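Note that the working numbering numbers the sequence shown so that position 149 is 149, with each residue one more than the last.
Down below is the structure, laid out as structure tokens.
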Amino acid sequence: MAPGERSQKRKSQSFMARASQIWQKYATKDMLVNLIFNPKYLWVSALLFIVAEIIVNIYIIQKIKYTEIDWIAYMQEVEGVVNGTWDYTKLRGDTGPLVYPAGFVYFFLGLYKITSNGANVRLAQYIFAAFYIITLVLVFRIFHKSRKVCYVL
């Protein structure tokens with residue numbers, strides 16, 4: 001056996017032994033109860049939820065067929081502003097007239113520019129996923145500050 005193989009084998013055994021020790025120490029009923037009911041362990045629960053949400057969001061964006069819900073209409077409304085129309089009564093999309101406030105228009109104008117005039121829907125999905133994850137992090141931060149546990153969510 002080559003010298004490097006022996007040390008590599010020892011490292012993998014020590015990693016597995018350490019992982020087993022950690023599992024035996026923390027994978028208990030008491031730890032599960034603490035994760036659910038003890039605000040001291042909120043950071044662990046929050047981290048698990050956030051990682052799970054990131055994985056689920058990426059999976060959905062990559063694997064689930066995109067369903068058109070007003071994206072094209074929003075881009076049409078914003079395109080009217082890009083073309084110089086500022087009169088709300090003249091801003092329309094496939095679903096009807098623009099009924100949202102100017103903040104909506106400016107926000108989607110940014111998305112319009114970033115997503116190649118609304119063509120790159122997948123990029124927009126990732127941007128919205130990032131906003132969602134940021135919101136989730138902020139909610140967990142509020143829970144932490146208020147010393148509440150995440151099942152309140």
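Ideal Cβ placement from N, Cα and C applies to all residues, glycine included.
Everything numeric in this text was worked out from a predicted model, so none of it was measured.
Pairwise C-alpha distance: residue j and residue i
i	j	result
Thr85	Val139	38 Å
Tyr41	Gly80	50 Å
Phe37	Leu109	44 Å
Val82	Thr28	58 Å
Ile55	Phe49	10 Å
Enclosing alpha helix (DSSP H) for residue i [first to last residue]
i	result
Tyr100	Unbroken run through Tyr100: none, as it is neither H nor E.
Glu68	Note, Glu68: premise wrong, no alpha helix (DSSP H); not H, not E.
Thr135	121-146
Val44	42-63
Local Cβ density within 10 Å of residue i, reported as buried at 16 or more and exposed below that
i	result
Phe224	Not covered by the structure: residue 224. The range shown for the chain is 1 to 153.
Gly155	Nothing can be reported for residue 155, as the shown portion of the chain is limited to 1 through 153.
Ala155	Any answer about residue 155 is impossible in this case: the structure gives the chain only from 1 up to 153.
Nearest to residue i (by Cα), restricted to the options the options
i	options	result
Trp71	Tyr88, Arg92, Ser146	Arg92
Thr115	Ala46, Tyr74, Gln21	Tyr74
Within-8 Å CB hit, residue i to chain B
i	result
Gly118	Checking the listed chains, one finds no chain B in this structure; it contains a single protein chain.
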